[in-house]
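First comes the structure, then the notes that go with it.
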Amino acid sequence: MKKHLLFALLLTCTFSLFAQTPDFGIYGYAAMDGSTTGGAGGQVVAPTTFAQLQQYASGTTPYVILIDREFKGPNVLKMGSNKTLFGVGTKGFINQIGVSIQCQHNIIIRNIRFTMSGVPISNDGENKIQGFNFDPDCIAIQADDETLPEADRKSSHIWIDHCEFYNEDPYVMLDKDRYDGLVDIKNDVQFVTISWNYFHDHHKGCLFGKGNSDNFDRTVTMHHNKFETILSRIPLQRFGKLHMLNNYIVDCPDGNGLNVRINSNAYVEANYFDNVKKPIFGKPEEGGKAFLKENVFKNCGVLPSVITSSLSPNAEPLNSSEEFSISTYVPPYLYTKLKIAANDVPSKVTTYSGIGKLQSPAPTITALEGEELIHLLYAYPNPTEGQLKLSHEVKWALSNSMGETVMQGETDHLDLKNQPAGIYFLNMEGNVQKIQKK
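Per my numbering: the sequence shown = residues 1102 to 1539.
Below is the structure:
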């Protein structure tokens, strides 16, 4: 009887940092309209070269792609739909490689360090990665591929979680145009969640909307991210809807935070701004709007006229040219379990944002095969021709399809070369993964 494997939940994790940890599941816009599942149900692979990485990332075939090393450019990684990129431990590093999501859907990127620091650029009026017609963004999500019919120029359902993004200290590297954004979103892009990431050391953080003609109703949730030593665009929003929840913006004494521009709507809730020159501002003639709720402003330099803060006693009011209207937009999803008090944001977000916080036993996939529930701990590549890597050193036992134990040990790898081809079950401290030996 043919068995069907149904992935019910991708990348649910167990943690060992504290007895009680935050809920790191998918929330916000990326969880709406069918949710975002990435490469769930696809083969788990671990590329060793950039060519292999690009091969797995391309097309629409689902893959869970484990990044267990540094990949260095200069280059551009073109993502296809139905993919998960997941860093193993703290090893995943995308260095001088811009990630392009162009008219693609259903993509998850988690637990990976990104930088464009030092990437060679060419300048013909606008900086591009040398040899590529691509801005030096760490991740660029867009939908303007002119080879596609206009109706197909869309990107949707993107989840970027527990990553780290940086370039150079903006007080040392003074050219604000040397790099572009850390995560930029342009054109018709829907259902994006950016969560638990660490953004730091950069001039221009995140741009949502490339100009005043980029008139699309983009939908983005940003929650529990840390922004440190960023001088602008946290983020800059044109058009669309943004829910900004429980973010920690710190040590940007000359920096500008959220900039609500032309016809944008932001719901800014329970964030913590500490030592930020201008946390929130707009441009009245462009009609940008924001609703502010339960935020903390500490040691900030310039605040909207609707805000008074005892923690920023010397703050000046915004100039009239930088005020904004009050938005009536409200996020259309539930998030009660996700939200924490603004005063708890600095400690919680600092502790849990960035890479290496999805602790061992690392990425677990909850799967359903028939009526049997199996918890999968990553062993890869799977299928395998013999050599099998584990996500960390662990006690394990390998059983054949008859339930007989054929191997056991306590290592971070297995060698199945002497085992016949077939189906095996690898038990790693109670987590069982189905293994196919070719």
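Every residue gets a Cβ at the ideal spot worked out from N, C-alpha and C, and that includes glycine.
Grab the span of the alpha helix (DSSP H) containing residue i for me, first residue to last.
i       : result
Leu1154 : 1151–1158
Ser1448 : 1446–1453
Quick one: what's got a C-beta closer than 7 Å to residue i's C-beta in the same chain, skipping five residues either side?
i       : result
Glu1395 : Glu1370, Ala1371, Ala1443
Gln1520 : Val1507, Lys1538
Leu1517 : Thr1485, Gly1487, Leu1489, Lys1538
Asp1289 : Ala1244, Arg1254, Lys1255, Phe1317
Might you give, ordered along the chain, the residues of its own chain that have their beta carbon closer than 8 Å to the beta carbon of residue i, omitting 5 neighbours on each side?
i       : result
Glu1227 : Asp1236
Ala1522 : Lys1538, Lys1539
Glu1424 : Phe1382, Gly1383, Pro1385, Pro1405, Ser1406
Ser1421 : Pro1385
Ile1427 : Lys1390, Ala1391, Phe1392, Val1407
Tyr1430 : Lys1342, Asn1366, Ala1367, Tyr1368, Lys1390, Phe1392
Thr1137 : Ile1127, Ala1131, Asn1207, Ile1208, Ile1209, His1258, Ile1259, Trp1260, Phe1292, Thr1294
Quick check on the DSSP output: the beta strand (DSSP E) that includes residue i runs from which residue to which?
i       : result
Gln1197 : 1194–1203
Thr1320 : 1320–1324
Ile1166 : 1164–1168
Phe1292 : 1290–1296
Phe1392 : 1390–1394
Cys1353 : 1349–1361
Tyr1267 : 1265–1267
Phe1374 : 1373–1383
Asn1366 : 1366–1370
Val1146 : 1144–1146
Ser1257 : 1256–1262
Met1345 : 1342–1346
Asn1316 : Per DSSP, Asn1316 belongs to no beta strand (DSSP E) and is neither H nor E.
Asn1176 : 1171–1179
Gly1188 : 1184–1188
Ile1240 : 1240–1243
Lys1399 : 1397–1399
Ser1413 : Note, Ser1413: premise wrong, no beta strand (DSSP E); not H, not E.
Ser1223 : 1222–1224
Determine the burial state of residue i: buried for a count of at least 16 other Cβ atoms within 10 Å of its Cβ, exposed for fewer.
i       : result
Asp1281 : buried
Glu1329 : buried
Ile1524 : exposed
Ile1209 : buried
His1301 : buried
Val1407 : exposed
Gly1160 : exposed
Ala1152 : exposed
Pro1354 : exposed
Pro1123 : buried
Asn1326 : buried
Ser1454 : buried
Thr1437 : exposed
Asn1165 : For the record, residue 1165 in the displayed sequence is Val; it is not Asn. The residue is buried, with at least 16 neighbouring Cβ atoms inside 10 Å.
Val1273 : exposed
Lys1277 : exposed
On the DSSP bridge list, what partners appear for residue i?
i       : result
Trp1497 : Gly1510, Met1529
Arg1279 : According to DSSP, which records beta bridges pairwise, Arg1279 is partnered with nothing at all.
Lys1518 : For Lys1518, which the question treats as bridged, DSSP gives no partner whatsoever.
Asn1207 : Asn1207 pairs with nothing; no bridge assigned.
Thr1216 : Asn1196, Tyr1267
Ile1331 : His1303
Phe1485 : Just to set this straight, residue 1485 is Thr in the shown sequence, not Phe. Its beta-bridge partners are Lys1538.
Gln1231 : Beta-bridge pairing links Gln1231 to no other residue.
Leu1404 : Pro1418
Phe1309 : Ile1286, Gln1338
Leu1491 : Ala1480
Ile1524 : Gln1537
For residue i, which residues in the same chain have their Cβ closer than 6 Å to its Cβ, ignoring the five residues on either side in sequence?
i       : result
Val1397 : Tyr1373, Ala1443
Ser1500 : Thr1506, Phe1526
Pro1221 : Pro1175, Gln1231
Gly1310 : Arg1339, Phe1340
Gly1388 : Asn1364
Val1361 : Gln1338, Ala1367, Gly1383, Gly1389, Ala1391, Phe1425
His1344 : Thr1322, Tyr1368, Pro1432
His1304 : Pro1271, Lys1277, Leu1332
Going by C-alpha to C-alpha distance, which of the options sits closest to residue i?
i       : options                            : result
Asp1270 : Glu1251, Thr1216, Lys1440          : Thr1216
Glu1265 : Ser1296, Leu1275, Gly1341          : Ser1296
Lys1440 : Leu1308, Ile1259, Asn1348          : Asn1348
Phe1172 : Gly1388, Tyr1267, Val1165, Ile1213 : Ile1213
Gly1190 : Glu1511, Thr1294, Ile1456          : Ile1456
Val1351 : Leu1515, Lys1378, Lys1342          : Lys1378
Lys1255 : Tyr1267, Phe1292, Asp1276          : Phe1292
Phe1233 : Tyr1267, Gln1197, Asp1253          : Gln1197
Leu1081 : Tyr1434, Tyr1157, Asp1315, Asn1313 : The structure shown has nothing for residue 1081, since the chain only spans 1102 to 1539.
Lys1192 : Asn1400, Ile1168, Lys1229          : Ile1168
Lys1229 : Ala1244, Ile1195, Val1177          : Val1177
Leu1308 : Tyr1299, Arg1319, Asn1298          : Arg1319
Does the beta carbon of residue i come closer than 8 Å to any beta carbon on chain B?
i       : result
Tyr1373 : Among the chains of the structure shown, chain B does not appear; only one protein chain is present.
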